[in-house]
Each structure stands twice: as C-alpha cells, then as structure tokens.
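For the sequence shown, numbering that gives the first Met the number 0 assigns the number 0 to the initial residue and increments by one for each residue that follows.
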Amino acid sequence: MSARRPVGWGMEALPRIVRGEGSYLYDADGRRYLDGSGGPAAFSIGHGNREVNAAIARQLEQVACGYRYLFTSEPLEQLTRLMLARCGPQFGHIVYSGSGSEAVESALKVALQYWDARGLPGRKRFIARERSYHGNTLGALSVSGFLERRRPFEGSLLDVSFVSAANAYRPLRGLAGEQLVAALADELDASIRAAGPERVAAFIFEPVVGAAGGAVPAPPGYAQAVRAVCDRHAVLIIADEVMSGAGRCGTWRALEHDGVAPDVMAVGKGLAGGYIPLAATILRKEIGATILSRHGAIMTGHTYSGHTAACAAAL
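Pasting the structure below:
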C-alpha cells in the first residue's frame with residue numbers, strides 16, 4: 000500500500016474534519032459542510048447529540064465493554080428487550096456485531112446453522128437480487144448484485160443465484176402493479192426450483208434498496224408474494240434492513256408496512272446513529288430455538304459484539 004494512502008484511498012485530498020454539530024460538519028480550515036446524507040446514511044440523528052454523548056460518557060466512566068462470553072450488562076440486556084419488543088412477538092434472539100456487513104454475514108451463517116440443526120446440511124445455496132448491496136465481507140458481498148464491488152473478488156465468492164431487482168421505476172419487462180409482483184414472484188419460484196428446493200438455504204433481499212439503487216422500495220405486495228413463494232419451498236427469508244430498519248421507514252421494521260416478518264433480519268446504521276459501531280442480527284424464536292437445541296450456541300459473533308458503550312449509545 001502506498002505510504003501516501005495509508006487508509007486505502009486518497010486521504011491527502013480530503014478535508015480534515017474536526018467538529019460536528021447537528022446536520023453540519025466543520026473542517027480544520029473552518030469550512031462548514033451540510034451532511035445531507037448522514038455520511039454513509041448512518042448519522043440519522045445528526046452530530047454532537049448531547050444526550051447520546053452523555054450516555055456514552057456515563058458508560059465509559061463505569062466500564063467500556065464486558066466480553067460477551069464472560070459477562071452481560073444492563074445496557075445490553077435493556078437494548079435486547081427493547082429491540083425484541085419493537086420487532087414483534089415472532090422474534091426471540093439477537094446476535095450483535097459492529098457493522099451491517101457483519102450483521103448480514105451472521106444472518107447467512109445463522110441460516111446455514113439452522114438447516115444443519117434440522118439435519119439438512121445440504122441446504123447451502125442462497126438466492127439474492129440483482130442491483131443489491133449487502134456488505135463488504137466475502138459472504139455479504141457474495142449475495143450482493145453490485146457488480147462494480149464484486150468484480151475484484153469474483154473467484155473467491157460463494158456461488159449464489161440472482162433474480163431481478165424489484166424496482167417499480169425500472170421494472171422487469173416494463174410491467175407494473177400486480178403483474179410486476181407476479182412476474183417477480185414467478186422468477187423467484189423458478190430460481191428455487193432450478194437450484195432444487197432441498198439445496199436452498201435462504202432468499203435475501205433489501206426491503207428498501209440502499210447503496211446499489213438509491214432508496215428504492217419494492218412495489219406493493221412484493222414482500223407478501225416472496226413470503227408465499229419461500230413458504231411453499233420451506234426457504235428462509237433474510238431481510239437486510241441495515242439501511243431501512245431501526246425506525247427509519249416509519250415503523251421499526253420496514254417490512255411491517257407489508258405485514259411480513261422475515262425469518263432473520265439484519266439492522267445496523269440507524270441502531271446507534273453512527274456514534275459507536277453497532278449492528279444486530281435478529282432471529283425468529285423458532286430459528287434460534289432450533290439452533291440452540293441442537294448446537295447449544297448460535298455460532299457467530301465478534302470480539303466487540305454487544306459492546307457495552309455501544310448499547311448505551313443505542314438506548
């Protein structure tokens with residue numbers, strides 16, 4: 000790596016940020032920038048929020064983090080109770096991580112572990128959508144239909160089946176409304192059948208496409224149609240709500256608008272608002288219970304999973 004580019008991009012050409020307040024950032028030369036995108040769509044409550052800063056400071060005065068395999072904490076337990084209550088009664092287990100990519104990676108691992116616990120380890124294939132983006136780790140990138148970001152790593156990615164994007168503004172074959180939804184559902188059904196339902200672990204999609212499409216929701220009825228197809232073939236649904244979840248679409252889960260609950264979901268950006276890295280993978284009760292009854296643990300997580308100060312920030 001070039002010594003002039005120590006963090007992997009043209010750092011020497013970037014303004015040096017020194018302060019943030021509300022929707023504005025300030026650089027070392029005193030220039031002010033309107034952060035209209037909230038950085039990478041993460042800083043949803045603005046910069047320098049005093050309540051959040053105070054919560055983090057209070058927690059740091061007590062303890063920054065207790066390692067998840069050795070300790071629990073009040074912020075962790077309180078956030079878990081709150082999120083499960085917000086998600087709905089179908090959900091019962093949470094795995095914490097530090098980024099949306101990690102949360103999606105954990106969701107993929109959860110799906111694989113679930114089928115292994117069911118005695119069906121052959122269910123290893125994932126189906127995803129074109130023009131989608133689920134993260135930068137190898138698993139998350141494998142299920143991403145973002146060709147520009149996939150290209151350098153193609154030889155190392157998982158073999159994933161892709162179906163058309165659910166974009167009513169650039170629709171499949173120029174269709175609209177119920178016809179578009181039916182065509183997309185039929186395509187998913189055909190993809191599952193082509194792979195062999197007994198080999199498919201899960202279908203993953205973004206309720207609202209983020210980085211790969213520009214805040215594009217699926218057409219009305221799409222989520223219900225997807226749920227019906229996946230139920231028909233006993234295929235899990237993973238909802239990537241890293242961009243859309245944590246209350247950003249008017250409900251805590253974007254799919255609540257459609258009356259649909261996924262089997263596994265990932266949330267991230269809105270969870271701690273960019274103050275401390277935090278993300279989560281949330282499981283339906285039966286998914287977690289099946290894994291725990293067979294394996295004794297949900298085998299995913301990271302050093303800073305459930306970081307105490309991050310949980311305090313989220314609360």
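From the three backbone atoms N, C-alpha and C, an ideal C-beta is built for every residue, glycine too.
Item: Using only the alpha-carbon positions, how far apart do Cys310 and Ala12 sit?; Value: 34 Å
Item: Extract the residue ranges of the beta strand (DSSP E) inside the stretch 27-64, only unbroken runs of 3 or more that lie entirely within it.; Value: 31-33
Item: By the 10 Å Cβ neighbour count, where 16 or more other Cβ atoms means buried, how is Ile191 classified, buried or exposed?; Value: buried
Item: Please go through the same chain and pick out, in chain order, the residues whose beta-carbon is closer than 6 Å to the beta-carbon of Leu235, but skip the five residues on each side of it.; Value: Ala110, Ala201 and Asp262
Item: Could you tell me whether the Cβ atoms of Ala53 and Arg293 are closer together than 8 Å?; Value: no
Item: Apart from the five residues just before and just after Ala193, which ones in its own chain have a Cβ nearer than 8 Å to its Cβ?; Value: Ser160
Item: Please classify Ile297 as buried or exposed, where buried requires at least 16 neighbouring CB atoms within 10 angstroms.; Value: buried
Item: In or out: Leu104 buried (at least 16 other Cβ within 10 Å) or exposed?; Value: For the record, residue 104 in the displayed sequence is Glu; it is not Leu. Buried, because 16 or more other Cβ atoms sit within 10 Å of the Cβ of Glu104.
Item: When DSSP builds the beta bridges, which residues end up paired with Gly21?; Value: His46
Item: Only counting the same chain, and skipping five residues up and downstream in sequence, which positions put a Cβ closer than 8 Å to that of Phe369?; Value: Since the first residue of the chain shown is 0 and the last is 314, residue 369 is not available in this structure.
Item: Within 10 Å of its beta-carbon, does Arg226 have 16 or more other beta-carbons around it, so buried, or fewer, so exposed?; Value: buried
Item: Report buried or exposed for Ser155, applying the criterion of at least 16 other Cβ atoms within 10 angstroms of its Cβ.; Value: exposed
Item: Does the stretch 255-271 touch the stretch 215-223, meaning 3 or more C-beta pairs lie closer than 8 Å?; Value: yes
Item: Could you check the C-alpha separation between Ile44 and Tyr23 for me, to the nearest Å?; Value: 12 Å
Item: If Ile286 and Tyr113 are in contact, beta carbons under 8 Å, what's the gap, nearest whole angstrom?; Value: 5 Å
Item: Please name the residue in Ala312, Lys123 and Tyr95 whose C-alpha comes closest to that of Gly107.; Value: Contrary to the premise, residue 107 reads as Leu rather than Gly in this sequence. Selected option, being the one with the closest Cα: Lys123.
Item: With a Cβ-Cβ cutoff of 8 Å, do His306 and Leu270 count as a contact?; Value: no
Item: Considering only DSSP beta bridges, list what Asp239 is partnered with.; Value: Ala265
Item: Would you mind working out which of Ala27, Tyr32, Ala288 and Pro14 sits nearest Gly21, comparing C-alpha positions?; Value: Tyr32
Item: Expressed to the nearest angstrom, what Euclidean distance is found between the alpha-carbon atoms of Arg283 and Gln89?; Value: 5 Å
Item: In whole angstroms, what separates the C-alpha of Gly295 from that of Cys248?; Value: 35 Å
Item: Rounded to whole angstroms, how far is the Cβ of Ala164 from the Cβ of Gly212, which I believe are closer than 8 Å?; Value: 7 Å
Item: Might you give, ordered along the chain, the residues of its own chain that have their beta carbon closer than 7 Å to the beta carbon of Gly87, omitting 5 neighbours on each side?; Value: Ala260
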